[in-house]
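**Q** Residue numbers (the numbering used here): 189 to 317. We put the beta carbon where it would ideally sit given N, CA and C, even for glycine. All figures in this text were calculated on a predicted structure; none of them were measured in a lab.
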C-alpha cells in the first residue's frame, strides 16, 4: 500500500494550508510587536520606573504583613467544597442514565458533604469574630 492510497492521508493542498496558517500565526503577532516597538514613544523617568502596587508607593510598609488564620481556613474550605461540587456536574449530565442507584449514591455523597458542612458550622469555622 503506497502512502497516497491510505484512506486518511493528507493531500499536499491540506498540508500547505496548515503551514500557511502556522506561518501567519507566527508572522502576524511578531509584526504587531515590531510595529509597536518602532512606533511607541520611549521616555522613561524615575516615576515610571518605580514600583507601584495597589495605589500605594513601594515604601508604604512591609510586604510581609500578617494575615489572620481565618483567611486560610476560609480558602481551604472553599476549595474543599468547590472540588466536591465539581463532582456533581458529571452526575447531573448523566442523571437519566444512572437510574435509581446513581441517585441514591449521589444522595449519600451529598449527605456526607452536608455533614461536613454542619461540622464546620458547629466548630465555628465560618464565624468571623
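1) Kindly indicate the opening and closing residues of the alpha helix (DSSP H) around residue 224.
2) I think residue 279 touches residue 286, with their Cβ atoms under 8 Å apart; what is that distance to the nearest whole Å?
3) Considering residue 253, what are the terminal residues of the alpha helix (DSSP H) in which it resides?
4) Please list, in chain order, all residues of the same chain as residue 199 whose beta carbon is under 8 Å from its beta carbon, the five residues on each side excluded.
5) Any idea what DSSP makes of residue 270, helix, strand or coil?
**A** In short:
1) 200-227
2) 7 Å
3) Where residue 253 is concerned, there is no enclosing alpha helix (DSSP H), given that its DSSP letter is neither H nor E.
4) none
5) helix
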